[in-house]
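Visitor: Mapping to this note's numbering: the sequence shown position 40 is 1470, numbers consecutive. Don't be surprised by glycine CBs; every beta carbon is placed ideally from N, CA and C. From a predicted model like this one, the values you see are computed outputs, not experimental measurements. Please read through the structure below; I'll follow up with questions.
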Amino acid sequence: MWSAITGIKMGMTSMLKAGERIHVLERLMNCNEGISRKDDTLPDRLLREFRKCDSKERAIPLEKMLNRYYFVRGYDKNGIPKAKTLKKLKIKPAGE
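Structure representation (structure tokens):
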């Protein structure tokens, strides 16, 4: 479909890599504007109310989830893409 619309041939791997680059570049731009871990949250209702699971009330482990998400994405503990991640995706930080 992509090839038919744009004339550019891309396989699934190339598409996924392009999507990852877009996501990381968007995150980097947001971080440059001051977005960080403090902004990565869920609605208050979800954080205040407990969910029922196996007859137990459990809060959403947001901090643990963010730590894992940042690790998988290649971000530091504040949600900023690491230099290693940028290099892997051939993204040059502003000013370089």
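1. Kindly indicate which residue of Lys1517, Lys1520, Gly1509 has the alpha-carbon position closest to the one of lysine 1468.
2. Kindly identify the DSSP beta-bridge partner or partners of proline 1473.
3. Given 8 Å as the limit, is there contact between the region 1460 to 1467 and the region 1495 to 1512, that is, 3 or more CB pairs closer than that?
4. I'd like to check one pair, leucine 1458 with isoleucine 1529: are the Cβ atoms closer than 8 Å?
5. Leaving aside the five residues before and after leucine 1394 along the sequence, list all residues of the same chain whose C-beta is less than 7 Å from its C-beta, in chain order.
6. By the DSSP assignment, the alpha helix (DSSP H) with asparagine 1508 in it spans what residues?
7. Taking DSSP as the reference, what is the three-state secondary structure of glycine 1464?
Guide: Let's see:
1. Working through the sequence shown from its first residue, we reach residue 1468 at position 38. The option with the nearest alpha carbon to lysine 1468 is Gly1509.
2. Start at 1 with the first residue of the sequence shown, and residue 1473 comes out as number 43. Note: proline 1473 sits in no beta bridge, so no partner.
3. yes
4. The shown model of the chain, from 1431 to 1526, leaves out residue 1529, and the question about it has no answer.
5. This structure gives no information on residue 1394, because the portion of the chain shown stretches from 1431 to 1526.
6. To locate residue 1508, count along the sequence shown from 1; it is residue 78. From DSSP, asparagine 1508 is part of no alpha helix (DSSP H); its letter is neither H nor E.
7. On the sequence shown, residue 1464 is found 34 positions in, with the first residue counted as 1. Here glycine 1464 sits in coil by DSSP.
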